[in-house]
Structures are given as C-alpha cells and as structure tokens.
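457 is the number that this note's numbering gives to position 222 of the sequence shown; each next residue is one higher, with no gaps.
Every residue gets a Cβ at the ideal spot worked out from N, C-alpha and C, and that includes glycine.
All values derive from a computational prediction rather than experimental measurement.
Remarks on the structure that follows.
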Amino acid sequence: MLLFGTIYLIMGVQGQYLFDVEALRADFPILDRRVGGDPETAGEGEGDDTPLVYLDNAATSHTPDPVVDAISDYYRSYNANVHRGIHQLSQEASVAYEEAHDAVADFVGAAGREEVVFTKNTTEAMNLVAYAWGLEELGPGDNVVLSEMEHHASLVTWQQIGKRTGADVRFIDVTDEGRLDTDHAAELIDDDTEMVSLVHVSNTLGTVNPIGQLADLAHDRDALIFADAAQSVPTRPVDVEDLGVDFLAFSGHKMCGPTGIGVLYGREELLDEMQPYLYGGDMIRRVSFEDSTWEDLPWKFEAGTPSIAQGVGLAAAIEYLEEVGMDRIQAHEDMLAEYAYDELAALGGVDIYGPPGDDRGGLVAFNVDGVHAHDLSSILNDYGVAIRAGDHCTQPLHDEMGVAASARASFYVYNTVEEVDALIDAVREARDLFA
Ligand code: PLP
C-alpha cells in the first residue's frame with residue numbers, strides 16, 4: 236500500500252492520475268468559469284478574465300451535471316409532496332425520496348433506511364442528537380467529551396446543552412503536531428461520560444482522528460460516540476460498523492450534492508428510544524386533541540415537508556462518487572494535500588498547521604509570515620485562486636494555535652496538480668509583495 240502510494244504520488248505529480256480527472260472536470264461546467272469581474276454581475280462574464288482555481292472544497296464542493304440533472308428531472312417530471320398523496324406523482328416522489336435513504340445507508344454501511352435521518356446539514360444532525368438525546372439523558376455529574384479541534388457545529392451545540400443540563404463538557408488536548416492526545420482522552424473519558432463527540436477529519440488541521448480507538452474507550456465506559464464526518468464521508472470510504480460509532484453526521488453540499496441536505500446516521504435502537512426533535516406533519520402516526528404517536532424510523536425525525544429534491548440530488552451524488560470510487564478519491568486527495576503541504580513548506584516563511592505526511596485529509600491550513608490570512612485570500616482571489624480565510628469555525632483551536640485566522644486550501648476529486656502549482660505561485664507572489 237505504501238509502495239502503491241509512493242508510485243501514485245510520483246505519477247500524480249507528473250500529471251497522471253488514478254482516473255481521468257480531465258474527463259471528470261467536464262461534468263463540472265463551473266470549473267471553466269473565469270473570475271475577476273464585478274460580483275454584482277455574477278455569472279454574466281463582465282470583466283471575468285482569470286481562470287478559476289477552486290480550492291475551497293471543505294466549505295462547499297461543486298455539483299456535477301448528473302446531480303444537477305437528477306434534481307432538474309425531479310422538478311420537471313415528478314415534483315410532488317411525499318408520503319401524502321395517493322396520486323402517481325406523489326408516489327414517484329416518495330419512492331425516490333425513500334430510496335435516497337437506502338442509497339445513503341448502503342454508502343455508509345448502515346443497517347437500513349431506519350438508521351438514516353435526513354436533516355438540513357451536519358449542524359442540524361448534531362443539534363438533533365444534542366436536543367433529543369442530550370436534554371433527556373444528561374444532568375449534573377455527567378460529562379460529554381469533545382476535542383479541542385471540534386467544529387463549532389459540535390462545540391457550541393454541546394457547550395450550550397451542557398449549560399442547560401448541568402453536564403460538564405471536557406476537551407481532549409491536541410498535541411503540538413496537531414494530533415489528538417489519546418492518553419489525555421483515556422484520562423478524560425470516565426464512568427460519568429455519557430457522550431464522546433469527535434470530528435473524524437479536522438476541517439482545520441486535516442488530522443484524521445482514530446475514531447475506532449475512541450469508540451472503544453467510550454464503549455468501555457458505557458458512553459456513546461458521535462462522529463462528525465462532514466470532512467470524511469465526502470473524501471474517503473467510511474463505514475459506521477467498522478468505525479463502531481453510535482451516531483455520525485455529514486452534509487450533502489461537501490460531496491457533490493446540493494445544499495439543504497444533511498444526514499444523521501444513528502443506531503436503530505438509540506433512535507427508537509429518542510423522542511422527536513421537531514414536531515408536526517409527516518412524523519406522526521395518530522393525533523388526537525390530547526396526545527400523538529409517532530411514525531416509524533426514520534420519518535419520526537423528519538417533521539414537515541422534507542428536502543425532497545435535495546434528497547434525490549444526494550443519492551445522485553453518491554452514485555457519482557461511487558463510480559469514481561471512494562478509495563481513488565481518497566488517494567487523489569492525499570496526493571494533492573501532500574504535494575501542497577511539501578510545496579508550501581519549501582516556500583519558506585509559511586507556517587502550516589496539522590500533521591505532516593500522508594496521514595491527513597485533503598486540506599492544508601497555513602499562514603504566511605507578515606500577511607493576514609484575509610489579505611492573502613484577497614490577493615489569491617486576484618489570481619483566480621479561491622481559498623478560505625478565517626477561523627474555519629474552530630475559534631478555540633485558533634486561540635490554542637495562537638493565531639486569529641488561517642488560510643485554508645482544500646481539494647476535491649476534480650482538482651489537479653497544476654491547480655496546486657497555481658496556489659503555490661500565488662502564495663509566493665503574495666509573500667514577496669508583503670516582504
Ligand atoms: N463539521 C465539520 C468538520 C465541518 O467542516 C463543517 C462545515 O464546514 C461542519 C461540521 C458543519 O457543516 P454544515 O455547515 O454543512 O452544517
């Protein structure tokens with residue numbers, strides 16, 4: 236595997252990939268865009284003369300034509316509300332929407348659609364568990380264990396649930412190299428721990444956390460474990476059984492799918508025991524003036540008209556990614572991230588965050604000496620290079636790193652070695668400009 240990885244790295248840097256990246260790019264017309272014009276005239280091309288190099292995929296990825304077509308086909312051919320009508324369009328929409336749950340279940344190794352709840356995004360999936368499970372189960376004396384590298388979606392949510400229930404919220408240290416301190420984790424997780432909530436791949440450090448090991452630690456103490464898989468499910472094979480997690484969440488818009496759809500995976504027996512998070516239509520079985528009973532899983536957690544087109548789009552995105560192959564997507568990402576890391580390090584005057592080597596996700600966060608990340612991002616934008624600058628929703632982690640903000644380049648299935656070169660050239664220009 237290592238040998239294969241090394242050969243691949245060399246081949247990759249020479250412009251030969253494990254799959255036909257150029258052909259794949261043709262599915263994403265947005266990648267042919269030029270930028271540089273006035274944002275007020277978005278998409279009209281006025282003043283747009285610089286080729287786009289899109290390296291902000293950890294925030295949102297692009298949507299290939301087959302996914303756009305699936306969404307458009309839904310609206311053109313069988314748009315109707317689900318689970319309500321006896322008429323044909325409603326039945327067709329219901330089948331497609333339900334089958335989208337099956338596709339997700341298959342994709343992440345869940346037992347079936349009962350374990351797959353569609354939400355708006357990862358954030359809502361976390362709030363669902365925090366409210367529906369946390370408010371019921373947590374109290375003074377209990378604790379929830381997170382890490383210092385959690386996204387605000389997890390950190391703020393559990394912090395606020397902790398305040399409301401009196402449960403203690405603890406944070407596993409991150410080492411100077413940007414890895415989870417597993418010895419500290421073993422100290423923090425104790426008999427009063429009820430939940431361990433951890434990011435699988437850090438959206439700032441790129442660290443790939445040993446979720447399986449932490450799942451064992453949690454389960455040894457009868458605690459549950461929740462994996463924030465917003466950056467891992469889009470970029471590598473993820474299997475909930477192999478990881479040993481009780482809950483897992485991710486977002487469609489980071490994996491070639493549309494915005495407005497996210498997924499909560501939960502073990503069936505846990506979801507069964509939990510009370511609904513939102514109440515209303517579609518999630519009930521029987522309602523009287525006095526009381527109500529709930530639909531079967533997963534519908535019990537999907538109140539009101541759901542994101543039907545987005546669910547259909549997510550299923551199409553999964554089909555698209557599976558055709559490329561999640562192993563190959565991971566290898567491609569690893570290659571680009573490692574190449575970017577090495578080239579940034581070679582520039583000089585650049586601080587890079589997170590572990591070195593190929594043991595990281597497909598993103599690199601960094602700072603250039605003497606250049607604020609926002610200024611850097613703005614200069615890169617002049618070169619058509621789209622990256623993210625800020626705290627990436629990990630403010631406390633940035634406090635620990637001793638910086639207010641960082642720049643982050645993140646890669647996906649359609650990015651090329653030449654685009655990494657364009658990033659490096661633009662960073663060099665910015666560094667020299669400020670020097
Ligand atoms: N968790 C991680 C690790 C993320 O990177 C993100 C988004 O960047 C989220 C959670 C939140 O995702 P969303 O905004 O789709 O809810």
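Pick helix, strand or coil for residue i, following the three-state DSSP scheme.
| i | result |
| --- | --- |
| residue 663 | helix |
| residue 638 | coil |
| residue 399 | helix |
| residue 624 | strand |
| residue 652 | helix |
| residue 499 | strand |
| residue 523 | coil |
| residue 286 | strand |
| residue 569 | helix |
| residue 370 | helix |
| residue 644 | strand |
| residue 602 | strand |
| residue 296 | coil |
| residue 269 | strand |
| residue 253 | coil |
| residue 436 | strand |
| residue 468 | coil |
| residue 547 | helix |
| residue 475 | helix |
| residue 585 | strand |
| residue 511 | coil |
| residue 246 | No answer about residue 246 holds up, because its pLDDT of 47 lies below 50 and its placement is not dependable. |
Do you know offhand how far residue i's Cα is from residue j's?
| i | j | result |
| --- | --- | --- |
| residue 506 | residue 373 | 16 Å |
| residue 664 | residue 575 | 16 Å |
| residue 420 | residue 427 | 14 Å |
| residue 629 | residue 362 | 17 Å |
| residue 667 | residue 614 | 12 Å |
| residue 534 | residue 460 | 23 Å |
| residue 319 | residue 527 | 18 Å |
| residue 430 | residue 512 | 18 Å |
| residue 236 | residue 566 | Residue confidence for residue 236 is low, a pLDDT of 31 falling below 50, so the modelled location carries little weight; the figure read from the coordinates is stated next. The straight-line gap from Cα to Cα measures roughly 11 Å. |
| residue 255 | residue 292 | 19 Å |
| residue 359 | residue 670 | 44 Å |
| residue 592 | residue 569 | 9 Å |
| residue 273 | residue 283 | 8 Å |
| residue 573 | residue 644 | 12 Å |
| residue 464 | residue 418 | 23 Å |
| residue 365 | residue 487 | 21 Å |
| residue 671 | residue 388 | As shown, the chain starts at 236 and ends at 670. That puts residue 671 outside it, with no answer to give. |
| residue 313 | residue 276 | 33 Å |
| residue 610 | residue 582 | 18 Å |
| residue 499 | residue 340 | 10 Å |
| residue 386 | residue 413 | 15 Å |
| residue 344 | residue 547 | 19 Å |
| residue 394 | residue 279 | 44 Å |
| residue 332 | residue 433 | 29 Å |
Nearer than 6 Å: is that true of the beta carbon of residue i relative to any heavy atom of the ligand PLP?
| i | result |
| --- | --- |
| residue 567 | no |
| residue 308 | no |
| residue 463 | yes |
| residue 386 | yes |
| residue 486 | yes |
| residue 357 | yes |
| residue 438 | yes |
| residue 466 | yes |
| residue 434 | yes |
Can you check DSSP and say which residues form a bridge with residue i?
| i | result |
| --- | --- |
| residue 590 | DSSP lists no partner for residue 590. |
| residue 277 | Paired residues: none, contrary to the question. |
| residue 409 | 415 |
| residue 460 | 431 |
| residue 442 | 595 |
| residue 672 | Examination of residue 672 is not possible in this model, given that the chain is present from 236 through 670 alone. |
| residue 494 | The partner list for residue 494 (beta bridge, DSSP) is empty, contrary to what the question assumes. |
| residue 529 | 519 |
| residue 354 | 497 |
| residue 485 | 498 |
| residue 378 | 403 and 428 |
| residue 302 | None, per the DSSP bridge assignment. |
Compute every distance between the C-beta of residue i and the non-hydrogen atoms of the ligand HEM, then say whether any falls below 6 Å.
| i | result |
| --- | --- |
| residue 547 | In the structure shown, the ligand HEM is absent; the only ligands present are the ligand PLP. |
Exercise. Could you tell me whether the region 440-450 touches the region 590-607, where touching means 3 or more Cβ pairs closer than 8 Å?
Key: Flag = yes, the region 440-450 and the region 590-607 touch.
Quiz item: How do the region 630-649 and the region 558-570 stand: do at least 3 beta-carbon pairs fall below 8 Å, yes or no?
Solution: With a cut-off of 8 Å, the region 558-570 and the region 630-649 count as touching, because enough Cβ pairs lie within range.
Practice problem: Determine contact between the region 285-301 and the region 615-623, defined as no fewer than three beta-carbon pairs at a distance below 8 Å. | Solution: Segments in contact, yes.
Quiz prompt | Any 3 or more C-beta pairs closer than 8 Å across the region 340-353 and the region 399-409 | solution = No: the two stretches stay apart, fewer than three of their Cβ pairs being nearer than 8 Å.
Quiz prompt | Three or more C-beta pairs below 8 Å linking the region 442-453 and the region 497-506 | solution = Contact between the region 442-453 and the region 497-506 is absent, because fewer than three Cβ pairs lie under 8 Å.
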